[in-house]
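See structure below.
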Amino acid sequence: MPEVPASATPQESLRGLAVAVFETVDAHPWVGAQLSRAPWESPMLRIFERIGHQFQAMGLSDRAWFTAGSTLMSYIVGVSIQNAANGRMLDPSVDRVEFLNTVSARWKELDANEYPFTRKLAAQLPGHDDLAEFLAGIDLILKGIAASR
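The working numbering puts the last residue of the sequence shown at 1217; the count rises by one with no breaks.
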């Protein structure tokens, strides 16, 4: 787990923790499998505890801890596992941008009435950054948690 600078805000600390989990699972996919198999054991508890410390620092009421903690934990672990799996789905020789361009082209050809949302997102797919999108999701969750105080 990363060391948190004393000057870090709770949100910065949570982002740092999220990045550490994301990068660890990406580099070692078996970690994600271990985390999801035994959520009540030490590694998950350590992550959950780190999240809880930051919720306390944010002034979040203890009534909201479980829901907020479960939501944030599920997002961090779930997206990290999904990202690692996506990265290993294709042969390493396949160019990521080329693959995403192909998927994007398929999305653009979908029925406009049945898939209007997906068709609009198709143009963003090839150039997206997985970590940046992950962190944008963390920020959305943290804003929602802060608004619930």
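Heads up, the beta-carbon is just placed ideally off N, CA and C, and yes, glycines get one too.
Tell me, to the nearest whole angstrom, how far the beta carbon of residue i is from that of residue j; I am working on the premise that it is less than 8 Å.
{"i": "M1093", "j": "G1100", "result": "Before going further, note that residue 1093 is Val rather than Met in the sequence given. That belief holds up - the Cβ atoms of V1093 and G1100 are roughly 4 Å apart, short of 8 Å."}
{"i": "W1175", "j": "L1193", "result": "7 Å"}
{"i": "P1160", "j": "A1125", "result": "That belief does not hold up - the Cβ atoms of P1160 and A1125 are roughly 41 Å apart, past 8 Å."}
Under the rule that 16 or more other beta-carbon atoms within 10 Å means buried, what is residue i, buried or exposed?
{"i": "A1152", "result": "buried"}
{"i": "V1171", "result": "exposed"}
{"i": "V1165", "result": "exposed"}
{"i": "F1185", "result": "exposed"}
{"i": "F1134", "result": "exposed"}
{"i": "L1128", "result": "buried"}
{"i": "L1103", "result": "buried"}
{"i": "G1146", "result": "exposed"}
{"i": "Q1122", "result": "buried"}
{"i": "V1162", "result": "exposed"}
{"i": "S1081", "result": "buried"}
{"i": "L1199", "result": "exposed"}
{"i": "A1136", "result": "buried"}
Roughly how many whole angstroms lie between the Cα atoms of residue i and residue j?
{"i": "A1180", "j": "A1191", "result": "14 Å"}
{"i": "I1149", "j": "P1073", "result": "27 Å"}
{"i": "F1116", "j": "E1177", "result": "43 Å"}
{"i": "G1205", "j": "T1139", "result": "11 Å"}
{"i": "M1141", "j": "G1195", "result": "27 Å"}
{"i": "R1187", "j": "D1197", "result": "19 Å"}
{"i": "A1095", "j": "A1086", "result": "14 Å"}
{"i": "Y1183", "j": "A1173", "result": "14 Å"}
{"i": "P1111", "j": "L1168", "result": "34 Å"}
{"i": "G1212", "j": "W1098", "result": "31 Å"}
{"i": "D1207", "j": "E1201", "result": "10 Å"}
{"i": "R1118", "j": "A1088", "result": "12 Å"}
{"i": "E1091", "j": "R1114", "result": "17 Å"}
Curious, which full-length alpha helix (DSSP H) runs of at least 4 residues does the segment 1140-1177 contain? Those alpha helix (DSSP H) runs which fall completely within the segment 1140-1177 and span 4+ residues are 1164-1176.
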